[in-house]
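Visitor:
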Amino acid sequence: MEKNAILQNESNMKYKRPSQYKEIFRRFRKSKGAMIGLITFTLVLVILLCAEFIVPYESAISQNFDQLLAKPSKEHLFGTDNFGRDVFARILYGGKTSLSIALLATITSCIFGSIIGALAGYFGGKVDQLIMRSLDIFMSVPDILFTMAVVLALGANFINLIIALTLAYFTNYVRLVRSQVLNLSEQDYVEAAKAGGSGNIRIILSHILPNAMGVIIVNLTLNIAKIIIYQSTLSFLGLGMPPPKPEWGLMLSEAREYMRTAPHLLFFPAGAIVLCATSINLIGDGLRDALDPHLKS
Amino acid sequence: MEMVNEKSNELILEIKDLKVIYKTDLETVEAINDIELKIYKGKTLGLVGETGAGKTTTALSILRLLPSNTGRILKGQINFNGHNLLDYDESMMQAVRGNLISMVFQDPMTSLNPVFPVGEQIAEAIRLHNTEIDEEEVQRRVDDTLSLVGILPSRKVEYPHQFSGGMKQRVVIAMALCLEPQLLIADEPTTALDVTIQAQVLAMISDLRNRLGTSMLMITHDLGIVAQTCDDVAVMYAGEIIESGTVRDIFLGEQHHPYTVGLFNSIPDLKSKAKRLKPIPGLMPDPTNLPKGCKFAERCEHKMPICIEQRPNVTTFGTHIIRCHLFG
Amino acid sequence: MYRYVIKRLLFLIPTIFGVTFIIYAIMSITPGDPGRAILGVNAPQADVDAYNKMLGYDLPFIQKYFNYMKNMIVHRDFGVSYFTKQSVFNEVLPRFMLTIRLALIGVGLATLMGVPLGIDAAVNQYSLRDTIPSLMAFFIAAIPGFVLGMVLLYIFALKLNLLPSYGIGSVQHYIMPALAISIPPAAQNMRFTKSSMLEAIRQDYVRTARAKGAPERTVIWKHALRNALLPVVTQIGMSLGLLIAGTVVVEKLFSIPGIGSLIVDRIAFKDEPVIIAGTILISVAFTVVMLFVDIAYAYIDPRIKAKYTRK
């Protein structure tokens, strides 16, 4: 009799556990900026993915000597460059390359850096010291030089650029994850898990990572924008995908000589970079506010 | 110490009909709903209640330190020595704060600014309200105040992190009393301290209070502290004063608000043979959505139909006031 | 305190060793050699080999590494450039000083612009003084440094013809590079200062200050600011360190003969002595800057000071 009453009581209490992720997504949706960013970036992605259906690849690389440095027109939406190549097509295909490199490099640098950071934070002591000291030495080599050297050593192609960018950006995550792990390791529920007999790896995977995940994802998102910018800087310096493959940074480098008479060569690639970076930053900021509403006063 | 005739006591602070809300874009929190409080000169009023009852809000309202973007005093009077503080503008309030009315907050670990030496922080309070006195005099007063709370004056150049929790709280108290205010508001001053330190700090506060003749508003959730330090008591629940009176009325009186009864019953008693604690079932009502009748009705074992419909009026038994339909 | 400083300075030694090693290692696995680069694509292989031998390039990299370190430590000789045959020291030092000057100007401007705006934005949160600079800072964060430089060039050099577009020599020559280099970190400083300030204003000791009767002005500018600036100082120092390495793009864009562009140019020629000397200077500068930042922080935050001074 009593047992039934208790069970009845419990179902009356309507104990609902709202999914954490739903709650976060709801907060994200409330932020206008974040939604604008999300929509813009999704649009960009869709357009880039459908590049082949919009303009053929040849337009990006075929040279038309009778149409050099043409202003934007119906035929050439963004005009042509100093080789007569269609700028719109180059932006689309350059975007495909830039964004795929950036997205992949972000993921690999995150995984690589997070693992190292987690190891350093979790095991502490000599392991931690060794890793952090090596990191310090590694970081005192200026990253442009380092990336340059790597690209020159391995040659400039898709995979190598990703390797180079991973090496340049993984340190971000090492510090971040390490401090998360250090913080969380000291929390009581980890102690409780250890006392309950959970093995080290299990603790890392099921207790620490989920909580660190939020911060990692926010940083990851913001880093995508940073890598897009860094990668355009590299291609500006001549270290990106070799010509004639279009790339935004490369286009800007080529535009330098013709800026006075053909400013569209400057503004379209620049605008593309800024548009992508801004929309990603909006998403990243939105995520950050959604994950920790206390940060807004 | 008992006064022969309470009526001859002067009021140093009287709160009437105070209503305070916190308003954000999402919701409105009704923090204080029509309260009355009386603090007599030279006496200590204990304000008791659970977390969230509105005690700290009351204290902040007196000094008008509510968060400016959300806190609003909708109506009421806060009469200090006969003058309504709610009529004062900001610069007049600044003259009052720290000088005529001081406040000590709950957490000593974070109440002091970590980048200034403690002596300097006390000196600042002195200088703020005494623009003419020279530096030597300021330092002398700093030394005196520190000695008063049992800290070596030579330690005035040290930084807060160099002091323990109990000593930090003493510094905070020193800062609050250095200008000999007429009223000291202490918001759970010992909650964050160990029990042994708690006793020391309380004793010190009482001693200083007697020496300087300061009136005090002691906010606490601990009935033991009330018994030790207070002359009068007010019990607060969901933004209302549901019972008040002298300390005798509350501790030894015959009749009480059911909530007060519950509070006393929740205290573990070493001598009792009971096997389980007897907490009050349920939780305080959601301050964004308060019931229209008696706020305690949901949790009350004496609940009657009228309790849900109508907010109870106060019933007065001399100095003992109870707001409950059982007595109305 | 001194012990701490000495310990940090000593860490420079393994840093220098490590950096040099890394560079030699990278150079050894990178294709190309000075002989080929200098003599040209069509030169006979024999000539190229002889040239490389003359330069000492063909030795195994460990040996080159040891020789270099020995020369540097014992004889304080940084060697001779494979490319110009000039003393590396004479070539590298003036360019290094120029970069340092540019970086210092950059950080100085970034601080002067960013920090006050950040404080202002925090104190007047949600007003225009907050939303406008915050929006601007947000967009600036999305613009790569070289794009900013190119836009500046376009507006001021090409269209308005107000400023020279390359080189150094007069104050006008420094304006655009200084802006290009200082605007992105200024935007970052502004956001960071604002959030640090907001954080400080939320603290309990600010409430205590108000309860003492301090006017709001004092509460903000004395109590909150002092605490808010602590992490900002670290941030500024770090950006200086990064800036020293990051001037490459601006140097290239405005044709400024700094150390960054020197190293980048010489990589193709595998001019190891120059590359290494340059990189060592940059790394040392970076480490020294970080050390200064930590020391400064220890001075202004009494909690940290206590850690390093023993009673």
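Going down the list, the protein sequences come from chains A, B and C. Residues in the first sequence are numbered consecutively from 1, following the working numbering. Residues in the second sequence are numbered consecutively from 1, following the working numbering. Residues in the third sequence are numbered consecutively from 1, following the working numbering. Think of the CB as a built atom: it goes at the ideal place given N, C-alpha and C, for glycine as much as any other residue. Bear in mind the structure is a predicted one, so any value in this text is a computation, not a measurement.
#1: Could you check whether glutamate 188(B) and isoleucine 151(B) sit closer than 9 angstroms to each other, using their CB atoms as the reference points?
#2: Determine the direct distance from the alpha carbon of glycine 35(C) to that of aspartate 49(C), and round the result to whole angstroms.
#3: Expressed to the nearest angstrom, what Euclidean distance is found between the alpha-carbon atoms of alanine 141(C) and valine 147(C)?
#4: Please check the pair methionine 176(C) and phenylalanine 192(C), which I expect to be a contact at CB under 8 angstroms, by giving their CB distance rounded to whole angstroms.
#5: Taking just the CA atoms, how far does valine 171(B) sit from aspartate 294(C)?
#6: Just to check my reading of the structure: glutamate 371(B) and isoleucine 35(B) have Cβ atoms closer than 8 angstroms, yes? What is that Cβ distance to the nearest angstrom?
#7: Going by beta carbon distance, what residues of the same chain come within less than 7 angstroms of threonine 279(C), once the five residues before and after it are set aside?
#8: Could you tell me whether the Cβ of leucine 152(A) comes closer than 9 angstroms to any Cβ of chain C?
#9: With distance defined between alpha-carbon atoms, name the residue in Ala102(A), Gly214(A) and Gln63(A) nearest to glycine 286(A).
#10: Taking the C-alpha atoms as reference points, what is the distance between isoleucine 32(B) and lysine 38(B)?
#11: Which residues does DSSP list as the beta-bridge partners of tyrosine 24(C)?
#12: With 9 angstroms as the limit, tell me which residues of the stretch 238–266 of chain A have their beta carbon closer than that to any beta carbon of chain C; keep them in chain order.
#13: Secondary structure at alanine 55(A), three-state DSSP: helix, strand or coil?
#14: By DSSP's criteria, histidine 83(B) is part of a beta bridge. Which residues make up the other side?
#15: Around the Cβ of histidine 325(B), are there at least 16 other Cβ atoms within 10 angstroms (buried) or fewer (exposed)?
#16: Out of Ser239(C), Asp265(C), Ile282(C) and Thr234(C), point me to the one whose CA is closest to alanine 298(C)'s CA.
#17: Could you tell me whether the Cβ of tyrosine 299(C) comes closer than 9 angstroms to any Cβ of chain B?
#18: Pull up the distance between the alpha-carbon of methionine 1(B) and that of glycine 166(B), whole angstroms please.
#19: Since asparagine 281(A) meets chain C, which of its residues come closer than 8 angstroms, beta carbon to beta carbon?
#20: Residues of chain A with CB closer than 8 angstroms to the CB of threonine 30(C), please, in chain order.
#21: Taking alanine 105(A) as the reference, give the member of Leu92(A), Thr171(A), Ser179(A) and Gly125(A) with the closest Cα.
#22: Skipping 5 residues on each side, what residues in its chain have a beta carbon closer than 7 angstroms to that of isoleucine 13(C)?
#23: On the premise that leucine 290(B) lies in contact with glutamate 30(B), defined as a C-beta separation below 8 angstroms, what is that separation, rounded to the nearest angstrom?
#24: Please name the residues in the stretch 194–210 of chain C whose beta-carbon is closer than 9 angstroms to at least one beta-carbon of chain B, in chain order.
#25: Hey, is threonine 97(A)'s beta-carbon within less than 9 angstroms of any beta-carbon in chain C?
#26: Would you decide whether phenylalanine 66(C) is buried or exposed? Buried here means 16 or more other CB atoms lie within 10 Å of its CB.
#27: Who are glycine 245(B)'s beta bridge partners in DSSP?
#28: Give a yes or no on whether 9 angstroms exceeds the smallest Cβ distance from tyrosine 57(C) to chain A.
#29: Quick check on the DSSP output: the beta strand (DSSP E) that includes glycine 46(B) runs from which residue to which?
#30: Could you check how far apart the C-beta atoms of aspartate 269(B) and threonine 44(B) are, in whole angstroms? I think they sit under 8 angstroms.
#31: If we cut at 9 angstroms on Cβ distances, does serine 297(A) have a partner in chain C?
#32: Within a Cβ cutoff of 7 angstroms, which residues of the same chain sit near tyrosine 205(C), ignoring the five residues on either side of it in sequence?
#33: Spell out whether any CB of chain C is found under 9 angstroms from the CB atom of alanine 290(A).
#34: Starting from the beta carbon of alanine 225(A), find every residue of chain C whose beta carbon is closer than 7 angstroms, and list them in chain order.
#35: Mapping the DSSP letters down to three states, classify phenylalanine 317(B) as helix, strand or coil.
#36: Pairs of beta-carbons, one from the stretch 73–84 of chain A and one from the stretch 128–147 of chain A, closer than 8 angstroms: are there three or more?
Guide: A quick look at the data gives this:
#1: no
#2: 7 angstroms
#3: Answer to the nearest angstrom: the Cα atoms are 12 angstroms apart.
#4: Methionine 176(C) to phenylalanine 192(C), Cβ: 25 angstroms. No contact.
#5: Counting only the Cα atoms, valine 171(B) lies some 30 angstroms from aspartate 294(C).
#6: Here chain B has residues from 1 to 328 only, and residue 371(B) is not among them.
#7: Val19, Ile23 and Ile263
#8: Nearest CB-CB separation between leucine 152(A) and chain C: below the 9 angstroms threshold.
#9: Gly214(A)
#10: Each residue's Cα considered, the two are about 16 angstroms apart.
#11: Note: tyrosine 24(C) sits in no beta bridge, so no partner.
#12: Of all residues in the stretch 238–266 of chain A, those with a C-beta nearer than 9 angstroms to a C-beta of chain C are Gly249, Leu252, Ser253, Ala255, Arg256, Met259, Arg260, Pro263 and Leu266, reading in chain order.
#13: Before going further, note that residue 55(A) is valine rather than alanine in the sequence given. If DSSP states are grouped into helix, strand and coil, valine 55(A) belongs with coil.
#14: Phe80(B)
#15: buried
#16: It is Thr234(C).
#17: no
#18: Annotation note: pLDDT 44 at methionine 1(B) (below 50); position unreliable, coordinate value reported separately. Distance between the alpha carbons of methionine 1(B) and glycine 166(B) is about 28 angstroms.
#19: Phe138, Ala141 and Ala142
#20: Ala149, Leu152 and Ala153
#21: The option with the nearest alpha carbon to alanine 105(A) is Thr171(A).
#22: none
#23: Rounded, the Cβ-Cβ distance is 6 angstroms, consistent with contact.
#24: Gln203, Asp204, Tyr205, Val206, Arg207, Thr208, Ala209 and Arg210
#25: For threonine 97(A), not one C-beta of chain C is nearer than 9 angstroms to its own C-beta.
#26: exposed
#27: Checking the DSSP bridge columns, you'll see glycine 245(B) partnered with Val233(B).
#28: no
#29: 44–48
#30: Contact flag wrong, Cβ pair sits at about 25 angstroms.
#31: Residue confidence for serine 297(A) is low, a pLDDT of 36 falling below 50, so the modelled location carries little weight and cannot support an answer.
#32: Closer than 7 angstroms at the Cβ level, and outside the excluded window around tyrosine 205(C), lie His223.
#33: no
#34: Ala142
#35: DSSP places phenylalanine 317(B) in strand when its eight states are reduced to three.
#36: no
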